[in-house]
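Below is one structure, written out as C-alpha cells; comments come after it.
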Amino acid sequence: MDYNKLAELLFPQIDKTPEDYEAMFPPREEGTIITRMGPSPTGFIHLGNLYGAFVDERLAHQNGGIFYLRIEDTDDKRYVEGAVETIIHSLQFFDINFDEGAGCGPDMTDAGDYGPYYQSQRGPIYQAFVKRLVSEGKAYPCFLSEDELAEIRAQQEAAKETTGIYGKYAEKNRNLTYEEIEANIADSKPYVIRLKSKGNQGTDGVVYIHVADAIRGDVSMPANDQDVIILKANGIPTYHFAHVIDDHLMRTTHVVRGEEWLMSLPIHIELFEALGLEPPVYCHTAVLMKLDDETGNKRKLSKRKDPELSLDYYRQEGYHPQAVKEYLLTILNSNFEEWRMANPDADIDAFQFTTEKMNSAGALFDLNKLNDISKDVLLKIPAEDLADFMLEWAREFKPKAAPLLEDKDYLTKILNIGRDDAKPRKDLIYAKQIFDFISYFYDEYFVIEERIPEQVSDEDAREILKRYLETYDHSDDQSQWFEKIRTITADMGYAVKPKDYKKHPEEYKGSVAHVSTVIRIAVMGRSQSPDVWTIQQILGEDRVRARISELIG
Ligand code: GLU
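Taking the working numbering as reference, the numbering of the sequence shown is continuous, increasing by one, and the terminal residue is 556.
Printed below as a string of C-alpha cells:
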C-alpha cells in the first residue's frame, strides 16, 4: 500500500505539514513552565476545576511561567453561551488569572501566539497531523458501521473479552486495499480514522508503560492495544488526539488533570510516540471527596446533592476568595498547615507549592474546615477591606441591603468589634452569614428575635427599660454605664451578682444577667451579642433611644 497516496486521498485539502506548524508555534523559552486549563464550555465550573486550576496557576506563576486557557469545544452540543466569560470571571474571583488563551485579551479577545485557543477552530491543524500518521502507515480509515460495531461488542461481551477495536477485530479495516478504500469513499461510506496500535503483547508477555507522574510518582500500566479513534467521521478529533496535538503545539510542559484521565494515559503515550513527540509532565489530581452526612462514608462530590461543588456557591454565600484559597492549599499540600503555623502573617503566595506534596488518594473536602479557616483569614483582612468586600457582595447578591452598606465608616466599626481583643472574636465567616450576624445594626433589618428571660415579668421588663432610658447617657464610659445597670438591678429586686441569685433564688427575682438580657433584646433584638456598651456606641444615641422608646410605648 502506498500510504502517501492514501493520505492524499483522505486529506486532499490539507496542504500544511506538521513541520509548518512546528515552525508557526516554536518552542517557548527554555525552562519556562507552561500549564493550561482545558474546560469544555458547558457553563458549569466546579470546585474540581478550581482545584486543578489552582495547581496550574501555582506551578506556572510560582516559577515565572505561563498559564493559558484552551476551550475544549469539539462537542458542540454542550456549548453554552457566555461560558468562556463565566470561566474567566469565576476564576478571577479566586485571584486565578490566565496569561493567554481564549477570551484573555481585552474585550474577551483571544491573547497569545499559540492559538487558536478553541479546539473547534483547530480542525486543519489536527488533520495535518492525522494525515502524517496515515502517510506513515500508523493510522487508517475504518468503515465499521454502527451495526457492525454493536455486533463486535456483543460478541466480545459474550466471550468475556475486552471490548473495542483491537487485534483481530481491527484486521479487516487495517488491511483494506487502496482500491477498496477509494471505492468506499466514492460510495460516501462514513469512516473514522483509527490509530494502528502497536499492541501490548511483547515476546515475554504484556508490555507496560512507565510514566513519572508529578503527583503519583511512577505510574505503570499495560500499554495501549486499542486502535482508538483519533478523528471522528465529522473530521473532528477525539479528546485523546486533540490533547496530544494541542499540548504539544502550545508547548504545555505540565498537564494537570483529574484522575479520571489516568486510564487513558496509555493511549496518550502511544499517540505521542507515534507522532515522535515528547509527552508533557503529567499531574493527575485526586478526586474531591466528602463525608456523606447520612452514611458517614467518603464519596465523590455530586452536582445534584452538593451545592458546594459549584463555584457560584462560594460567590453567592460570600466566601472571601482568600479563605477559599487558603483552604484549598490545606487540602492540596500536606505541609501547608505547618507552614501557615510557622508563618501566620505571610502572603499565601510565599508558600512553595509542590506537586510531590499532593495527596494522590481522594482529597477530602469539608465545609466546616473551610469555615474555620475562613474565620482566621477574615481576622487578618483589615476591617475597611472587609467592608468593601461586603458591599461588593451585597450589590450582587443582596441588592436591597447594598445602599445601607455604603456607609463604610459605620460598617467598618461594626466589623471591627472585638478584633483587637486578646482573644479576638471569630464570628465572621462569609458575607451572607456576616450580614445576618450584624443585621440588627440596620433599622431596616432590626427585629426582636427572642423573648425576654422567664425570670423577668413583662411589667418588670418595661420598668427596666424605662429606668434605663431615663438614666441613659451616651457619653458614659463602660464602667459608668454598667454601674447604672447595677443600680437598676438592685433597685428592682434582682441580684447584682449572678451567683447570689443562684445560691438564694428565693431572695431575688433574677440577676443582673437577666436584666442585661432585657436590654440586649431591646437594643439588638437578640440575647447573644458582643458587648452592649460597644454596640451602643456604634449604633449611636438616637438609635438606642428610639429602639427602647418604641418598646415602652
Ligand atoms: N476537556 C477536558 C475536561 O474538561 C480537559 C481535561 C484535560 O485537562 O486534559 O475534562
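Glycine included, every Cβ here is placed at the ideal spot set by N, Cα and C.
Taking 6 Å as the cut-off, is the beta-carbon of Gly41 closer than that to any non-hydrogen atom of the ligand GLU?
For this step, residue 41 is matched to residue 38 along the sequence shown. It does: the Cβ of Gly41 is within 6 Å (strictly closer) of some heavy atom of the ligand GLU.
Using CA coordinates, which residue listed in Asn336, Lys360, Arg254, Asp369 is at the minimum distance from Asn300?
Your numbering for residue 300 matches position 297 in the sequence shown. Selected option, being the one with the closest Cα: Asp369.
Should Glu75 be counted as a contact of the ligand GLU given a C-beta to heavy atom distance under 6 Å?
As a first step, residue 75 is located in the sequence shown; it is residue number 72 there, counting from the start. Glu75 Cβ: within cutoff of the ligand GLU.
Considering only heavy atoms of the ligand GLU, does any lie closer than 6 Å to the CB of Arg302?
Position 299 of the sequence shown holds residue 302. Arg302 has its CB no nearer than 6 Å to any heavy atom of the ligand GLU.
Can you determine whether any heavy atom of the ligand GLU sits closer than 6 Å to the C-beta of Arg219, and answer yes or no?
Indexing the sequence shown from 1 puts residue 219 at position 216. Arg219: no, Cβ never under 6 Å from the ligand GLU.
Over the uninterrupted alpha helix (DSSP H) stretch that includes Val521, give me the two end residues.
Here residue 521 is taken as the residue at index 518 of the sequence shown, counted from 1. For Val521, the uninterrupted alpha helix (DSSP H) run begins and ends at 515–527, by DSSP.
Straight-line Cα distance separating Ile467 from Glu311:
Start at 1 with the first residue of the sequence shown, and residue 311 comes out as number 308. Start at 1 with the first residue of the sequence shown, and residue 467 comes out as number 464. Distance between the alpha carbons of Glu311 and Ile467 is about 46 Å.
Compare the Cα-Cα distances from Lys192 to each of Pro144, Val222, Asn227 and report the closest residue.
Taking the sequence shown and counting its residues from 1, one reaches residue 192 at position 189. When Pro144, Val222, Asn227 are compared, the shortest CA-CA separation from Lys192 is found for Pro144.
Report back the beta-carbon spacing between Lys293 and Leu367 to the nearest angstrom; my notes put them in contact at under 8 Å.
Here residue 293 is taken as the residue at index 290 of the sequence shown, counted from 1. Here residue 367 is taken as the residue at index 364 of the sequence shown, counted from 1. At roughly 7 Å, the Cβ-Cβ gap stays under 8 Å, so Lys293 and Leu367 are in contact.
Cβ pair Arg302, Asp309 closer than 7 Å:
Looking up residue 302 in the sequence shown gives position 299. Looking up residue 309 in the sequence shown gives position 306. For Arg302 and Asp309, no; Cβs fall outside 7 Å.
Figure out for me which residue from Arg546, Phe400, Thr256, Leu268 has the closest Cα to the Cα of Ala434.
Residue numbering aside, residue 434 sits at position 431 when the sequence shown is read from its first letter. For the options Arg546, Phe400, Thr256, Leu268, the alpha carbon positioned closest to that of Ala434 is the one of Phe400.
Assign Val247 to buried or exposed, taking buried as 16 or more other Cβ atoms, counted over all protein chains shown, within 10 Å of its Cβ.
Here residue 247 corresponds to residue number 244 of the sequence shown, with the count starting at 1. The residue in question, Val247, is buried, as its Cβ has 16 or more Cβ neighbours within 10 Å.
Do the CB positions of Gly140 and Tyr6 come within less than 7 Å of each other?
Here residue 140 refers to the residue found at position 137 of the sequence shown. Here residue 6 refers to the residue found at position 3 of the sequence shown. Cβ atoms of Gly140 and Tyr6: closer than 7 Å.
Are at least three pairs of beta-carbons, each pair with one atom in the stretch 242–257 and one in the stretch 32–50, less than 8 Å apart?
Counting Cβ pairs under 8 Å, three or more are found: they touch.
Using only CA atoms, which one of Thr298, Arg219, Gln229 lies nearest to Ile265?
Position 262 of the sequence shown, counted from the first residue, corresponds to residue 265. Note that residue 265 corresponds to Leu in the displayed sequence, not to Ile. The option with the nearest alpha carbon to Leu265 is Arg219.
Can you give the beta carbon distance from Val231 to Arg197, rounded, assuming they're within the 8 Å contact cut?
As a first step, residue 231 is located in the sequence shown; it is residue number 228 there, counting from the start. As a first step, residue 197 is located in the sequence shown; it is residue number 194 there, counting from the start. Val231 to Arg197, Cβ: 7 Å. Contact.
List the residues that DSSP assigns as beta-bridge partners of Arg221.
To locate residue 221, count along the sequence shown from 1; it is residue 218. The question names Arg, yet the displayed sequence has Asp at residue 221. According to DSSP, Asp221 bridges with Ala215.
Rounded Cβ spacing between Gln229 and Ser200 (contact assumed at less than 8 Å):
Looking up residue 229 in the sequence shown gives position 226. Looking up residue 200 in the sequence shown gives position 197. Yes, they are in contact, since the Cβ atoms of Gln229 and Ser200 sit about 6 Å apart, within 8 Å.
Please report the straight-line C-alpha distance between His517 and Val290, rounded to a whole angstrom.
Within the sequence shown, residue 517 is the residue found at index 514, counting from 1. Within the sequence shown, residue 290 is the residue found at index 287, counting from 1. Going by the C-alpha atoms only, they are around 52 Å apart.
Minimum C-alpha distance to Arg523 - residue among Val87, Arg454, Glu297, Gly496
Mapped onto the sequence shown, residue 523 falls at position 520. Closest by alpha carbon: Arg454.
Just checking my contact of Val547 with Tyr448 at CB under 8 Å: how many whole Å lie between their CB atoms?
Position 544 of the sequence shown, counting from 1, holds the residue named residue 547. Position 445 of the sequence shown, counting from 1, holds the residue named residue 448. Contact between Val547 and Tyr448 is ruled out by a C-beta separation of about 16 Å, above the 8 Å threshold.
Exposed unless 16 or more other CB atoms sit within 10 angstroms - verdict on Gln355:
Locating residue 355 in the sequence shown gives position 352, where the first residue counts as 1. So Gln355 ends up on the exposed side.
Indicate, with yes or no, if the ligand GLU has a heavy atom lying under 6 Å from the CB of Arg260.
Within the sequence shown, the letter at position 257 stands for residue 260. Correct: Arg260 has its Cβ closer than 6 Å to the ligand GLU.
Is Ile91 closer than 7 Å to Gly106 when the C-beta atoms are compared?
Taking the first residue of the sequence shown as position 1, residue 106 is located at position 103. Taking the first residue of the sequence shown as position 1, residue 91 is located at position 88. Their beta carbons are under 7 Å apart, which means Gly106 touches Ile91 by this criterion.
Between Asp221 and His213, is the Cβ-Cβ spacing less than 7 Å?
In the sequence shown, residue 221 corresponds to position 218, counting from 1. In the sequence shown, residue 213 corresponds to position 210, counting from 1. Yes, the Cβ-Cβ distance between Asp221 and His213 is below 7 Å.
Per the contact definition of three or more C-beta pairs closer than 8 Å, is the stretch 96–116 in contact with the stretch 320–337?
The way I'd put it, the stretch 320–337 does touch the stretch 96–116; three or more beta-carbon pairs between them come closer than 8 Å.
Can you list, in chain order, the residues of its chain whose CB lies under 6 Å from that of Val58, leaving out five sequence neighbours each side?
Translated into the one-based positions of the sequence shown, residue 58 becomes position 55. Answer for Val58: Val259, listed in chain order.
With DSSP run on the structure shown, which of helix, strand or coil describes Gln436?
Start at 1 with the first residue of the sequence shown, and residue 436 comes out as number 433. In this structure, Gln436 counts as helix in the three-state DSSP scheme.
If you follow the beta strand (DSSP E) that His477 is part of, which residue opens it and which one closes it?
Locating residue 477 in the sequence shown gives position 474, where the first residue counts as 1. Element bounds for His477: n/a, residue is neither H nor E.
Could you work out which residue in Lys134, Gln124, Arg489 is closest to Asp249 when comparing CA atoms only?
The sequence position of residue 249 within the sequence shown is 246, counting from 1. Per the Cα distances, Gln124.
Is the beta carbon of Tyr443 sitting closer than 7 Å to the one on Leu407?
For the purposes of this step, residue 443 is taken as the residue at position 440 of the sequence shown. For the purposes of this step, residue 407 is taken as the residue at position 404 of the sequence shown. No.
Examine the Cβ distances between the stretch 379–397 and the stretch 415–424 and report whether three or more of them are shorter than 8 Å.
Because the criterion of three Cβ pairs below 8 Å is met, the stretch 379–397 and the stretch 415–424 touch.
For Ser552, count neighbouring Cβ atoms within 10 angstroms of its own Cβ and tell me buried if that reaches 16, exposed if not.
Within the sequence shown, numbered from 1, the residue matching residue 552 stands at position 549. Burial call: exposed.
Taking Gln122 and Phe14 to be in contact with their CB atoms under 8 Å, please state how far apart those CB atoms are, rounded to whole angstroms.
For the purposes of this step, residue 122 is identified with residue 119 of the sequence shown, where counting begins at 1. For the purposes of this step, residue 14 is identified with residue 11 of the sequence shown, where counting begins at 1. The Cβ separation is near 18 Å, so there is no contact.
Exposed or buried, which one is Gln204 when buried takes at least 16 other CB atoms within 10 Å?
Taking the sequence shown and counting its residues from 1, one reaches residue 204 at position 201. Flag for Gln204 reads exposed.
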